[in-house]
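Letter 36 of the sequence shown, counting from 1, is numbered 35 in numbering that gives the first Met the number 0, and no numbers are missing. Here the structure is laid out as structure tokens; the discussion comes afterwards.
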Amino acid sequence: MSFDFSLGLTEKASAKEDSKDIFTCHICNRDFFHKRDLTRHCFIHTGERPHQCDICFKRFGYRSNLVRHRRLHTKELQYKCEVCAKSFSRRSHLKEHCDVHTGAKPHTCEVCSKSFRLKCSLVIHLRVHTGEKPYQCNVCNRRFSLKCNLRDHQIVHEGSKPYVCEVCNKAFNKRNNYKRHCLIHSKKEDNSDKTCDELNTS
0 MSFDFSLGLT EKASAKEDSK DIFTCHICNR DFFHKRDLTR HCFIHTGERP
50 HQCDICFKRF GYRSNLVRHR RLHTKELQYK CEVCAKSFSR RSHLKEHCDV
100 HTGAKPHTCE VCSKSFRLKC SLVIHLRVHT GEKPYQCNVC NRRFSLKCNL
150 RDHQIVHEGS KPYVCEVCNK AFNKRNNYKR HCLIHSKKED NSDKTCDELN
200 TS
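This is the structure in structure tokens:
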């Protein structure tokens, strides 16, 4: 997908900021004080990832994310959990991990008061209230609130069936259909442990 960044750059005067230029994203109307910040922000909409790891070739939209990623290859995991000794490359990841041990859910929805352990989970949950669907299919323009749902939808256009049952080799193009199918086999296994009398009374 190509994207003309000049379309995303809208300058407007702001008296509150001493007449400094503000750069506005023409897609979501978010404002930035620096042009470079808007340019980086536009990667969210275009999906562009210009920074590539020279070891595993994984790509990133932000250089800072690439720097953190490279620590996985160099084993630079300097933030260590005192409870289970698991290590992390970022302090924020360690903090979120520690909530697993404490059971804390510090991120609360202001609309329905539901709480979450991870901030990203709250962000995704808020889309239920706002109706936001940031992920768009480039074939039919249908929009989705979750990236995984967009991936599943795109498989329909491709005609592929990547989810294959390990028991009977039946293939599915949607993960939910695959999971429902697997329940059939798990129920059969449960029944195989029962006696004839138990099966007749169930």
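Each residue gets a CB set at the ideal place from its N, CA and C atoms; glycine is no exception. Since the model is a prediction, treat every value here as computed from it, not as a measurement.
{"query": "If we ignore side chains and look at the alpha-carbon of each, how far apart do Phe143 and Asn175 end up?", "result": "16 Å"}
{"query": "At 4 residues or longer, what runs of the alpha helix (DSSP H) sit wholly inside the segment 130 to 200?", "result": "146 to 157, 174 to 191, 195 to 200"}
{"query": "Take every Cβ of the segment 138 to 152, pair it with every Cβ of the segment 111 to 120, and state whether three or more of those distances are shorter than 8 Å.", "result": "no"}
{"query": "Determine the direct distance from the alpha carbon of Leu125 to that of Glu109, and round the result to whole angstroms.", "result": "9 Å"}
{"query": "In the DSSP assignment, the alpha helix (DSSP H) including Val99 goes from what residue to what residue?", "result": "90 to 101"}
{"query": "Decide yes or no for the touch test of the segment 24 to 33 against the segment 46 to 61: beta carbon pairs closer than 8 Å, at least 3 of them.", "result": "no"}
{"query": "Cys41 lies in the alpha helix (DSSP H); which residues open and close that run?", "result": "34 to 45"}
{"query": "Using only the alpha-carbon positions, how far apart do Tyr78 and His184 sit?", "result": "42 Å"}
{"query": "What would DSSP say about Arg126, mapped onto helix, strand or coil?", "result": "helix"}
{"query": "What residue range is occupied by the uninterrupted alpha helix (DSSP H) comprising Asn64?", "result": "62 to 73"}
{"query": "From the DSSP output, in three-state form, read off Ser120 for me.", "result": "helix"}
{"query": "Can you give me the C-alpha to C-alpha distance between Asn64 and Lys186, rounded to a whole angstrom?", "result": "44 Å"}
{"query": "Quick test of your reading: Cys164 and Tyr177, contact by CB under 8 Å. State the CB separation rounded to the nearest angstrom.", "result": "7 Å"}
{"query": "Less than 9 Å between the C-beta atoms of His68 and Lys85, yes or no?", "result": "no"}
{"query": "What is the DSSP secondary structure of Lys79, reduced to helix, strand or coil?", "result": "strand"}
{"query": "When you compare the CB positions of Arg39 and Gly60, do they come within less than 9 Å of one another, or not?", "result": "yes"}
{"query": "So Ser159 and Asn172 are supposed to be a Cβ contact under 8 Å. How far apart are they, rounded?", "result": "7 Å"}
{"query": "Where does Ile26 sit, in a helix, a strand or coil, going by DSSP?", "result": "coil"}
{"query": "Going straight from the alpha carbon of Ser88 to that of Cys97, what length do you get?", "result": "14 Å"}
{"query": "Excluding the 5 residues flanking Leu76 on each side, which residues of the same chain have their C-beta closer than 7 Å to its C-beta?", "result": "Arg70, Ser86, Phe87, Ser88"}
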